[in-house]
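J.: Those letters in the sequence shown? Residues 246 to 496, by the numbering used here.
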Amino acid sequence: MERLFLRKGEVASTFPVSSWQSVMFSEFEAQMSSEARPFPCVFGVTGHRQDQLRYLFLDPYDVAVLGEQLGQYVSQARSFGPNTSLIVFTRPRPVQTLDAYYRKMWLTLDQLARLDKNPWPTEIPEQIDHPMWEFSFAGEPIFVVCTTPAHVMRQSRRSSAFMLTFQPRWVFEKILGTEKAANAAFAEVRKRLIPYDSASPSPLLGRYGATDGREYLQYFLHDDNNASSGCPFAKLAQNKAQPIANKEQAA
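(1) P263: buried (16+ other C-beta within 10 angstroms of its C-beta) or exposed?
(2) Where do the ends of the beta strand (DSSP E) carrying P305 lie?
(3) Does the beta-carbon of K349 have 16 or more other beta-carbons within 10 angstroms, so that it is buried, or is it exposed?
(4) When you compare the CB positions of G316 and F382, do they come within less than 8 Å of one another, or not?
(5) Cα separation between F478 and L357?
(6) Excluding the five sequence neighbours on either side, which residues of its own chain have a C-beta within less than 8 Å of the C-beta of I420, listed in chain order?
(7) Is it true that the stretch 397-407 meets the stretch 249-259, where meeting means three or more beta-carbon pairs spaced less than 8 Å apart?
(8) Does the stretch 300-311 come close enough to the stretch 332-345 to have 3 or more Cβ pairs within less than 8 Å?
(9) Rounding to the nearest angstrom, what Cα-Cα distance links F260 and L449 in this structure?
(10) Under the three-state reduction of DSSP, which class applies to L331: helix, strand or coil?
(11) In terms of residue numbering, what span does the alpha helix (DSSP H) encompassing D353 cover?
(12) Are at least three pairs of beta-carbons, each pair with one atom in the stretch 388-400 and one in the stretch 451-465, less than 8 Å apart?
(13) Where D468 and T342 are concerned, what is the direct C-alpha to C-alpha distance, given to the nearest angstrom?
(14) Exposed or buried, what is M277 when buried is set at 16 or more other beta-carbons lying within 10 Å of its beta-carbon?
(15) Would you list the residues sitting across from L409 in a DSSP beta bridge?
(16) Using the beta-carbon count (16 or more within 10 Å), is A432 buried or exposed?
(17) Tell me whether the beta-carbon of Y441 lies closer than 8 Å to the beta-carbon of P285.
(18) Could you tell me if D355 is buried or exposed, where buried requires 16 or more neighbouring beta carbons within 10 angstroms of its beta carbon?
(19) From which residue to which residue does the alpha helix (DSSP H) around G454 run?
(20) Could you pull out every residue in the same chain whose Cβ sits closer than 6 Å to the Cβ of V290, ignoring the five residues on either side in sequence?
(21) What does S320 pair with, by DSSP beta-bridge criteria?
(22) Considering only the beta carbon of each residue, do L298 and F411 sit closer than 8 Å?
(23) If you compare alpha carbons, which of F380, Y347, T423 is closest to P394?
(24) Could you pull the DSSP bridge partners for E385 from this structure?
(25) Evaluate R435 with the Cβ neighbour count: other Cβ atoms within 10 Å of its Cβ, from every protein chain shown; 16 or more gives buried, anything less gives exposed.
(26) Give me, in chain order, the residues of the same chain whose beta-carbon lies closer than 8 Å to that of V310; leave out the 5 immediate sequence neighbours on both sides.
(27) Flag this pair as yes or no: are the beta carbons of A345 and R399 separated by less than 8 Å?
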């Protein structure tokens, strides 16, 4: 399959100004480049500024296509720069509930795991409820972020349509290589989060590998800090969940 994910400059030359792709991307760029209201994820902001992010627009929402493109991205990601991520956009549709988007995210990750042609990394536990677990694809551990139009209080997780960000685990390892660097980065993110969101920073946010932390809980943060959905699966690709049959369900 041909490469479908784009660099920043390729988006404008690929889609008309009035297209949903251009509208969504313009919103994303405004969010990443705002100086008056700095976006909390400093890694994403730097990646956007330095053209290290890659952008995939799915219409319809086809997890098989997503898997093909994610595999290509993973194989090339280290050449894109130390702050790279794959940002996945979908067509805006009528707003659903947070729980509906939450389930959609986990069904997507489960289907990706089913489609993955590579074995699960030996250093990553398969049990999701483990401090060292991380979603993995094509042999690469990947941190996932889901943003939705149903988020209101947590603006850092809000977008005009269902979106996913796939950030290779090594991005964090390169940037947070020392305790001093990690402390500084997390302090900066927290400093930006407090004025950005109407909700206080989620207690679920933490460092990878901490015994009292879980990565999967950070993939989808609810508006309410008291809400904890857990995970619908114990392990990926081992359940009876049905595929997302309607490829248009990309709200």
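Just so it is clear, CB atoms sit at the ideal spot from N, CA and C, and this is done for glycine as well.
T.: Judging by the given coordinates:
(1) Note that residue 263 corresponds to Ser in the displayed sequence, not to Pro. Under this definition S263 is an exposed residue.
(2) That residue, P305, is in no beta strand (DSSP E); it is neither H nor E in DSSP.
(3) buried
(4) yes
(5) 14 Å
(6) F288, P327, N328, A426, A430
(7) no
(8) yes
(9) 38 Å
(10) strand
(11) The question names Asp, but residue 353 is Thr in the sequence shown. Looking at the DSSP string, the run of the alpha helix (DSSP H) that includes T353 is 343-360.
(12) yes
(13) 11 Å
(14) buried
(15) V333, C391
(16) exposed
(17) yes
(18) buried
(19) Unbroken run through G454: none, as it is neither H nor E.
(20) M277, F284
(21) Paired residue(s): none; S320 is not in a bridge.
(22) no
(23) Y347
(24) F382
(25) exposed
(26) M246, L249, L303
(27) no
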